[in-house]
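J.:
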Amino acid sequence: MEVRAKKALGQHFLTDQKVARAIVDALHGGLPVLEVGPGMGVLTQYLLEREDIDLRLIEIDSESVEYLLTHFAGMQGRLMEGDFLQLKLEKIFPERFAIIGNFPYNISSQIFFKVLDYKDRIPEVVGMVQKEVAERLAEGPGSKTYGILSVLLQAWYDIEYLFTVGSGCFAPPPKVESAVIRLTRNSRTSLGCDEALFKTVVKTAFGQRRKMMRNPLKPLARAKAERCGWSEEQLQAFLAQEVFSLRPEKLSVEDFVALTNLLA
Ligand code: SAH
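Counted from 1, the sequence shown has number 233 at position 49 by this note's numbering; the numbering is strictly sequential.
Given below as structure tokens:
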């Protein structure tokens, strides 16, 4: 019996074996690996073939879990039933590990935010996502889709758009095209600014992505004015700086670091 695809869990099973192998081949390896959402194991079969990989799996769907347990040897002790987003990763991996998966598209952003929370333990991620999300994450400033997650991830990871996968490679076919991306942790150990404020600045600046940043960032500038005891004129002069006339989609990671320091 095959697993019945459930929409709410973002289940689109990859049926193209060549694509499955290419995804597994894209993983550099040499570390323990967590597969997120193995489903019926199309990636799992190739991951198990690799001797350089110590594999763990997390799958939320009990029907898929049962399928994997009956179709693959060695699942006991490796396969966990549960929600990746709730997983305490430090309990499973005391050290560094990589992540792979054909991610459920409805939670792909949340998966990447979780990766960011564990960025110093996760040197590599290979994942299939919606094509549009892959482009968003991989593209630099100036592109139409560049956004919050692009900046936050690019601060810590080199991101490669590896290849596009048509919807015909899945059962049932998703409405959109897909793509595989690889994230490789860069050598950065600190941002050169307050990290929490950096996140706030990026998220706030993109509140109105097609507009100058002056408006959305005004409350943060005002907070600084209060901390520094500035007059209203001083605040206006501060906000008159050219950077506040730019649109957030034009700013690189370095530009956001500089902006964060300006607002600190
Ligand atoms: N890797 C399989 C399945 C991809 S579909 C393939 O390529 O064919 C996405 C898979 O993620 C499904 O099996 C779904 O049940 C699982 N999933 C959805 N939400 C999840 C979550 N929060 N945690 C873990 N797995 C999840």
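For every residue, glycine included, the Cβ atom is placed at its ideal position computed from N, Cα and C.
Going by the C-beta, is residue 212 closer than 7 Å to any heavy atom of the ligand SAH?
T.: no
J.: Return the chain-ordered list of same chain residues with a C-beta closer than 6 Å to the C-beta of residue 200, the five sequence neighbours on each side being excluded.
T.: 353
J.: Note the first and the last residue of the continuous alpha helix (DSSP H) segment covering residue 244.
T.: Element bounds for residue 244: n/a, residue is neither H nor E.
J.: Are the CB atoms of residue 284 and residue 337 within a distance shorter than 8 Å?
T.: no
J.: What three-state label does DSSP hand residue 314 in the structure shown?
T.: Here residue 314 sits in strand by DSSP.
J.: Counting Cβ pairs closer than 8 Å, one from the stretch 249–260 and one from the stretch 283–299, do we hit at least three?
T.: no
J.: Taking buried to mean at least 16 other C-beta atoms within 10 Å of its own C-beta, is residue 335 buried or exposed?
T.: buried
J.: Can you list, in chain order, the residues of its chain whose CB lies under 7 Å from that of residue 383, leaving out five sequence neighbours each side?
T.: 336
J.: Would you mind sorting residue 222 into buried or exposed? The rule is 16 or more other CB atoms within 10 Å of its CB.
T.: buried
J.: Could you give the DSSP three-state label for residue 388: helix, strand or coil?
T.: helix
J.: Go ahead and pull the three-state DSSP assignment for residue 352.
T.: helix
J.: Between which two residues does the beta strand (DSSP E) harbouring residue 286 extend?
T.: 282–286
J.: Hey, how far is the Cα of residue 204 from the Cα of residue 247?
T.: 21 Å
J.: Tell me which same chain residues have a C-beta within less than 6 Å of the C-beta of residue 273, skipping the five on either side of it?
T.: Excluding residues within five positions, the ones whose Cβ falls inside 6 Å are 302.
J.: Note down, in chain order, each residue of its chain lying with its Cβ closer than 8 Å to the Cβ of residue 214, except the 5 sequence neighbours on either side.
T.: 236
J.: Nearest-angstrom Cα distance between residue 314 and residue 422?
T.: 40 Å
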